[in-house]
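For the record, in the sequence shown the residue sitting at position 279 is 1763 according to the numbering used here, with numbers rising by one throughout. Step one of this worksheet: look at the structure below.
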Amino acid sequence: MSDYLIALVYAALLLGGFAAPFVTSLGYVWVDSFYPQYVGRFVLGSFPVAAVMGTSAVLSYILMDRRAPPRIGAMLVLTGCMVLWMTLSLTWAVRPESAYDKWDWAFKTVLFAGFIPFVFRTRVQIEALLQVHILGSAMHLLAVGIKSFLSGGGYRMNLTLLPPGIGIGESSAMATLAIAFIPLLLFLRRHSLLVPWAWMRNLFYASFALFCVTASIGTGARTGIVCMAVLAGLYWLQSRSKVVSGFAIVILGVLVVLFSPERWKERMATIDDYSEESSALTRIKIWQWILDYARDNPLGGGFRAFEVSVIHMPPTPLNPEGYVQYGRAPHSSWFETLNELGWPGLFMLLALFVVTFVTLYRVMRRTKGIEALLWCHDLARALGMALLVLMAGGTFIGVAFQPWYWLMFAASFCLGEYVRRVQAPDKPRPGYLAAANRTAAPLPGVAARRRA
């Protein structure tokens, strides 16, 4: 029955585009977050859910919604260049079949990120984009968070309905995304329009944020503790009272350690198994191999080029003569991109982060002190914090072409365009946009800021 219910949700999102074109785009975001083809296999397992929903989203926009397009800014240019470079890399891929398999889904992720700013233009639409992404992932995160709260979880335990290694079915990826969602959840708790009841917002989003912490702990992935430390540091840097906030963070950290399961503490200390210590060495070895490979192949080796890697490991008590590992994954977004797309691909990815942070900084600066645009200021801060957490976690997991980075890039650009539109009262706006922004357009505040 659950498979049929998932299929009905998919159909509803697909058909909803006839009434509101942006709904099919939300459907694609839901597919990329929930993975219905893996959860509802009996009905959707062999159906091209992403291709059909993505095509419908583009057609809905072209036929019914070509209004107020965004400026062609640096984010769109870099995204377009990345799409072209990813496709071009197929011509020199060292593993052509494997490269095409990864390109098939990575290409769609990056291309759709460039399409999102054309569709999501109003406050409600931008919030809906974030809500669908978070709630789609919630079907997995909340399950793991609750199970971990009750049982403690455990490293390499498959606590989701997803196959191991698929999306957030991978433990380190889930630990990272769970912590990255916390700033966005706290933003929605305060500013959500789609959930108008304050008591419901406070209860749901605060509980969700708590279960994100337990989900990260329950995975047993050491990446989670890195992300928690980064997020705590960001909140401390933004606090006005550093002493009080620092003391509160220390107390929370102590509570996390005290109430965490023993196996998590042992995992964090890496003292329970010698092979876990060697995993860090293996990661360093593959990074060294990728740097050597990039020196000889500056354009990269195409997707999944790591499959040709050969790593010579030093002697261990279990292998006194040493041993060789073949085809080890990079376990890092930055080394993943360098290995597959070379220095040009890594430059484009890092440039997208820089452009996004600049966009968010400008939004915060332009909306500071304007009450009607307080939500824009707070969302820019939340998106920046989420991206920094993703970057920290992404240093130790290969998720460069998963939807998470790219949805954050797109949402940040949508927010920047929204602020640009509402702060340009002298320019005519389409009727639907003016109506949607009527309560948010801070014309007196904008005028005062400009005079200053």
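Just so it is clear, CB atoms sit at the ideal spot from N, CA and C, and this is done for glycine as well.
* Asked: Does the region 1885-1901 come close enough to the region 1597-1613 that 3 or more CB-CB pairs lie under 8 Å?
  -> yes
* Asked: Exposed or buried, residue 1874, counting other C-beta atoms within 10 Å across all chains shown (16 or more means buried)?
  -> buried
* Please report the residue range of the alpha helix (DSSP H) in which residue 1722 lies. => 1706-1722
* To do: Identify, in the order they occur along the chain, each residue of the same chain with its Cβ nearer than 8 Å to the Cβ of residue 1795, setting aside the five sequence neighbours on each side.
  => 1766, 1769, 1770, 1773, 1808, 1809, 1810 and 1812
* Does the beta-carbon of residue 1902 have 16 or more other beta-carbons within 10 angstroms, so that it is buried, or is it exposed? -> buried
* **Spatial distance of residue 1684 from residue 1678 (CA atoms)** => 11 Å
* Asked: Is the CB-CB distance between residue 1618 and residue 1695 below 8 Å?
  -> no
* Asked: DSSP on residue 1809, reduced to helix/strand/coil?
  -> strand
* To do: Could you check the C-alpha separation between residue 1723 and residue 1729 for me, to the nearest Å?
  => 7 Å
* **Span of the alpha helix (DSSP H) around residue 1523** => 1520-1523
* Find out if the Cβ-Cβ distance for the pair residue 1616, residue 1699 is shorter than 8 Å. => no
* Asked: Going by beta carbon distance, what residues of the same chain come within less than 8 Å of residue 1866, once the five residues before and after it are set aside?
  -> 1667, 1668, 1670 and 1671
* Looking only at its own chain, which residues have a Cβ that is under 6 Å from the Cβ of residue 1759, when we skip the five neighbours before and after it? -> Residue confidence for residue 1759 is low, a pLDDT of 46 falling below 50, so the modelled location carries little weight; the figure read from the coordinates is stated next. Taken in chain order, the list of residues that qualify is empty.
* Please go through the same chain and pick out, in chain order, the residues whose beta-carbon is closer than 6 Å to the beta-carbon of residue 1651, but skip the five residues on each side of it. => 1519
* If you check the beta carbons only, do residue 1814 and residue 1882 fall under 8 Å apart? -> yes
* What is the DSSP secondary structure of residue 1794, counted as helix, strand or coil? -> strand
* Minimum length 4: unbroken alpha helix (DSSP H) runs contained in the region 1495-1566 -> 1506-1518, 1520-1523, 1525-1528 and 1533-1548
* **Residue range of the unbroken alpha helix (DSSP H) whose run includes residue 1675** => 1655-1675
* What is the DSSP secondary structure of residue 1852, counted as helix, strand or coil? -> coil
* Asked: If we ignore side chains and look at the alpha-carbon of each, how far apart do residue 1717 and residue 1656 end up?
  -> 20 Å
* Cβ-Cβ distance between residue 1835 and residue 1613 below 8 Å -> no
* Near residue 1489, what residues of its chain come up, given a Cβ to Cβ distance below 6 Å and the 5 sequence neighbours on each side ignored? -> none
* Asked: Does DSSP classify residue 1645 as helix, strand or coil?
  -> coil
* Please go through the same chain and pick out, in chain order, the residues whose beta-carbon is closer than 6 Å to the beta-carbon of residue 1830, but skip the five residues on each side of it. => 1821 and 1822
* Are residue 1946 and residue 1784 closer than 8 Å when you measure CB to CB? -> There is simply no residue 1946 to check, as the chain begins at 1485 and stops at 1936 in what is shown.
* Asked: Where does the unbroken alpha helix (DSSP H) through residue 1870 begin, and where does it stop?
  -> 1858-1878
* Asked: Do residue 1506 and residue 1578 have their C-beta atoms closer together than 8 Å?
  -> no
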